[in-house]
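Engineer: Okay, handing you the structure first.
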Amino acid sequence: MDSKKVRRTFLRGVNGSLRLAILSAFIWHSAATSAAEQTPGVSDKEILLGGVFPVTGPVRFISLPYEQAVKAVFNKANANGGIHGRKIVWRVEDDAYQPARTLAGAKKLVERDGVFVVFGLVGQSGTLAVAPYLQRKKIPFFTLNSAPRPLTPYGWGTQSNYGDLSYQITHYMVQKLGLKRIGYLYQNDDLGSIGRKGVDRALKELGVKLISAVGYERGTRDFTTQVLKLRDAKVDGVVSVGIAPSVAIAIKQAGIIKFKPRWGTYGVGGSAIVRKLLGDGINGLVFASDIESLFAESADSKRAIATIRKYYPKAKPEFTMFLGYAQAQMMVHVLRAVGRDLTRKKLIAALIKMGDFKSDVMPIRYSATKHTAAGAAKIYLWKDGKAVPLTGWRKF
Amino acid sequence: MIQYVMAGLAYGSLYALLGLGLLLTLRTTNVLNFAQGELSTLLAFVCFTIAVTLGQGIGWAFIGSLIVAVIVGLTLYNVIIFPIRRRDQERLATVAISLKLAITGLIALYWGPESRIFPALFDIERIEIFGTIIVADQVWMILAGLIGMVLVGVFLRFTSLGLAMRVAAENPDLAQLLGVNLRVVGSAAWVAAALLGSVTGVLLASTLFLSPFMMGLVVLKAFTALVIGGMVSPFGVVIGGLLLGLLESFVAYTLTPLLQDSVGLLIIILVLMFRPRGLFAGQETWRA
């Protein structure tokens, strides 16, 4: 072979290699660009959501029905073809109702699993613990409680502020039931202090003075001295804000010493656990709820229960079941509204634009300035073992 | 005022009963049994299952829970504690904390985390004396507390096993030289603690509701009773429990119920600061 031929063959080879290298670089670059643009947790076939809430511990009776109802709604959506062809996958981490573990769980979901959004936080303290982290990471999160303040595009709540519900029930007890001497029995933490704000606001509006406020520490099981204090203060109505068993035990112990004021409370008054623990003693209890009562036997609640039982047969009836149902219905609705091209930015935009959405069991409204789904409450009275609505939906 | 005193005595009796269980296991087997409250809860659940699930009367269910208490006490000591009895107190306490968490988890797993209605032990709900309503459950709690305390006292003072227990608590090496079987003594202590736990758990569950988490604050207060008693004297523990119950009621009556749960912790701090050997430091020998 002469030297010219060798050079030509060499250059042709170099040319071919160069072309191959450029092509490879182009393919690699395109793939990398595409991966960068791809939204975490969203693949062709799946949308990965992550929840972190108590799977163990003392409030499991709240989180279990919630979890089951959410699964029922997602199972139904998946059975009907998913969200624009993608199945919803929901991964759950246990925080045992400890805010430090909520944060650790959220970090796992975001950094290890790469979830699309954090859907399913239960507990105000846990929500507040993870909010700064998720906001920093620009990941939308959905809590069962009210949206943390100040509002950011990332935090979205479900239940109204307990203060709104304690306001509603206090207002109703004084204005409609004619009670004059109101006492307040509260759990000495965020729950009780937020509840107190609602009680104070209602009483101030109506020009009535709070006669007695009696607190107890979280975990208290005996309320003898608390009910004695309320009785000694001669109150004729008591607004009770605490976890469901505490509300029930206090009513029971008051009954034993023949102290029978009108008891009022927030949504827990409509819970299966309070009904079970009090038996007939529940009759006469009034409560404000931002969600349809399980025991109201309305067409909406029957439809919701039937759906949950169909798609998650083991579901346990409890009031948080309806909260999970409403929240998951909203999620499916908004994911569908975004369309096939799903990104976090577009999801937030869809939430802001959503406006009113009628879940079977809760009127929901989101907007740029309203990040907590619930915006109205009904007042119920327990009568003959049923929760009878005394009002329609009353806006906050 | 009488109602506050009754409530104080009733809950003080429960603290004393649980505290006695803590004292027995501590003095004879060197284990600060953090799982005593959960043991009570477990036995209350056993009672509930026999009474409600198996449909037996509450009386039989209570006897059944006492039998199970004997088995559980023997098993815990012989299977878990006895093999590691030579370890220091901190390690044994760590084992007790693990037991506490394990028992709570097992209860929540098997029976579920929710609260339940416990069958009433007696039909009477309240007793009215000259217009004052006394809660019947509180009377039973005080009576049970008195009976439990007397039985423990008689057992320690007048039975050979009780005597062996006291010797073993004072000086285990000497006890062995005297022919005391430490395994039998330890087993007896754990069985007695489980029996006291069963009584406490059943009483508390029937007064309030049955819940896997019902003993949380109660057992903390039993520890307070133990500290007041200097961790040595059964008499001191009983007085400590009753004093604490009464003090809680007094604080609730004169100040606010919000502070009543803090009283115990305050007392622990004060006793450890000023009377680290307890309020009954003169009675350090193991007396009934």
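Here the protein sequences come in this chain order: A and B.
Per this note's numbering: the first sequence = residues 8 to 403.
Per this note's numbering: the second sequence = residues 752 to 1039.
In this text, a Cβ means the ideal position worked out from N, Cα and C, and glycines have one as well.
Just so it is clear, the structure is predicted and the values come from calculations on it, not from any experiment.
According to DSSP, is A:Ala86 helix, strand or coil?
Structural biologist: Residue state, collapsed to three classes: helix.
Engineer: Helix or strand or just coil, what does DSSP make of A:Ser296?
Structural biologist: Here A:Ser296 sits in strand by DSSP.
Engineer: May I have the straight-line CA-CA distance separating A:Leu186 from B:Val1014, to the nearest angstrom?
Structural biologist: Each residue's alpha carbon lies about 35 Å from the other.
Engineer: Given 8 Å as the limit, tell me if A:Ile371 has its C-beta closer than that to any heavy atom belonging to the ligand HEM.
Structural biologist: This structure simply doesn't include the ligand HEM, nor any ligand for that matter.
Engineer: Kindly indicate which three-state DSSP category A:Asp51 falls into: helix, strand or coil?
Structural biologist: Note: A:Asp51 maps to coil in three-state DSSP.
Engineer: So A:Val293 and A:Tyr179 are in contact, right, with Cβ under 8 Å, and what is the actual spacing, rounded?
Structural biologist: About 7 Å; that satisfies the 8 Å criterion.
Engineer: Going by Cα to Cα distance, which pick from B:Leu775, B:Met757, B:Val821 is closest to B:Ser984?
Structural biologist: Per the Cα distances, B:Leu775.
Engineer: My output table needs one value for A:Asp101: the three-state DSSP class, helix, strand or coil.
Structural biologist: In this structure, A:Asp101 counts as strand in the three-state DSSP scheme.
Engineer: Count the other C-beta atoms from every protein chain shown that fall within 10 angstroms of the C-beta of A:Ala43, then say buried if there are 16 or more, exposed otherwise.
Structural biologist: Below a pLDDT of 50, predicted positions are generally treated as unreliable, and A:Ala43, at 37, falls in that range; the measurement from the model is reported next regardless. Label assigned to A:Ala43: exposed.
Engineer: At a CB-CB cut-off below 9 Å, which residues of chain A make contact with B:Ala758?
Structural biologist: Under the 9 Å cutoff, chain A gives Asp229, Thr231, Thr232, Leu235.
Engineer: Check for me: the alpha helix (DSSP H) holding B:Gln840 runs from which residue to which?
Structural biologist: From DSSP, the alpha helix (DSSP H) with B:Gln840 extends over 840-862.
Engineer: Chain A partners of B:Val890, CB-CB under 9 Å?
Structural biologist: Correct list: empty, because the minimum Cβ distance to chain A is about 12 Å.
Engineer: What is the residue span of the beta strand (DSSP E) that A:Phe329 lies within?
Structural biologist: Here A:Phe329 belongs to no beta strand (DSSP E); instead the alpha helix (DSSP H) covers 326-345.
Engineer: For B:Ser816, which residues in the same chain have their Cβ closer than 6 Å to its Cβ, ignoring the five residues on either side in sequence?
Structural biologist: Excluding positions up to five away in sequence, the list reads Leu794, Val797, Cys798, Ser949.
Engineer: Which residues does DSSP pair with B:Val918 in a beta bridge?
Structural biologist: Paired residues: none, contrary to the question.
Engineer: Tell me whether the beta-carbon of B:Leu825 lies closer than 9 Å to the beta-carbon of B:Thr951.
Structural biologist: No, the pair does not count as a contact, with Cβ atoms beyond the cut-off.
Engineer: List the residues of chain B that A:Ile264 touches, going by C-beta distances under 8 Å, in chain order.
Structural biologist: Within chain B, the residues near A:Ile264 are Gln754, Arg877, Ile884, Val886.
Engineer: So which residues on chain B does A:Glu406 lean against when the C-beta distance must stay under 8 Å?
Structural biologist: It is not possible to answer for residue 406 of chain A, since the shown part of chain A is limited to 8 through 403.
Engineer: Measuring CB to CB, does A:Gln131 end up less than 9 Å from A:Leu198?
Structural biologist: Yes; because the gap between Cβ atoms is below 9 Å, this pair is in contact.
Engineer: Got a sec? Which residues, its chain only, sit under 6 Å from B:Leu1030 by beta carbon, not counting five neighbours each side?
Structural biologist: Within the same chain, B:Leu1030 has close Cβ partners Ile979.
Engineer: Could you tell me if A:Asp297 is buried or exposed, where buried requires 16 or more neighbouring beta carbons within 10 angstroms of its beta carbon?
Structural biologist: A:Asp297 comes out buried.
Engineer: Please classify A:Thr109 as buried or exposed, where buried requires at least 16 other C-beta atoms within 10 Å of its C-beta.
Structural biologist: It is buried - the Cβ of A:Thr109 has at least 16 other Cβ atoms within 10 Å.
Engineer: Taking all protein chains shown into account, do 16 or more other C-beta atoms lie within 10 angstroms of the C-beta of B:Phe1025, making it buried, or fewer, making it exposed?
Structural biologist: Exposed is the call here.
Engineer: Can you round the beta-carbon distance between A:Gly277 and A:Tyr387 to whole angstroms, since I take them to be within the 8 Å contact cut?
Structural biologist: Yes, they are in contact, since the Cβ atoms of A:Gly277 and A:Tyr387 sit about 6 Å apart, within 8 Å.
Engineer: Out of A:Ile54, A:Ala306, A:Val66, A:Ile69, which has the shortest C-alpha to C-alpha gap to A:Met407?
Structural biologist: With chain A represented from 8 up to 403, any question about residue 407 of chain A goes unanswered, as that position is not in the structure.
Engineer: Per DSSP, which one or two residues make a beta bridge with A:Val59?
Structural biologist: A:Glu100, A:Leu128, per the DSSP bridge assignment.
Engineer: How big is the Cα-Cα spacing for A:Val206 and A:Gly244?
Structural biologist: The straight-line gap from Cα to Cα measures roughly 12 Å.
Engineer: Are any of the Cβ atoms in chain A nearer than 9 Å to that of B:Ile868?
Structural biologist: Taking Cβ atoms only, chain A reaches closer than 9 Å to B:Ile868, which makes this a yes.
Engineer: Taking only the alpha-carbon atoms, compute the straight-line gap between B:Gly992 and B:Met892 and give it to the nearest angstrom.
Structural biologist: Approximately 13 Å, taken between the alpha carbons.
Engineer: Assuming B:Ile895 and B:Leu954 form a contact by the criterion Cβ under 8 Å, report the distance between their Cβ atoms to the nearest whole angstrom.
Structural biologist: Checking the sequence, you will find Ala at residue 895 of chain B rather than Ile. With 8 Å as the limit, B:Ala895 and B:Leu954 qualify as a contact, their Cβ atoms being about 6 Å apart.
Engineer: Check the Cβ-Cβ distances between A:Tyr223 and every residue of chain B, and say whether any is below 9 Å.
Structural biologist: So, interface residue.
Engineer: Can you tell me whether A:Arg156 is buried or exposed, with buried defined as 16 or more other CB within 10 angstroms of its CB?
Structural biologist: Flag for A:Arg156 reads exposed.
Engineer: Pairs of beta-carbons, one from the region 395-403 of chain A and one from the region 801-818 of chain B, closer than 8 Å: are there three or more?
Structural biologist: Output reads no: the region 801-818 of chain B does not touch the region 395-403 of chain A.
Engineer: The beta strand (DSSP E) spanning A:Trp389 covers which residue range?
Structural biologist: Start and end: 383-390.
Engineer: Which residue or residues does DSSP assign as beta-bridge partners of A:Gln194?
Structural biologist: For A:Gln194, which the question treats as bridged, DSSP gives the partners A:Tyr223.
Engineer: Just by C-beta distance, which residues in the region 274-287 of chain A are closer than 8 Å to chain B?
Structural biologist: Cβ contacts with chain B: Ile280, Lys283, Leu284, Gly286.
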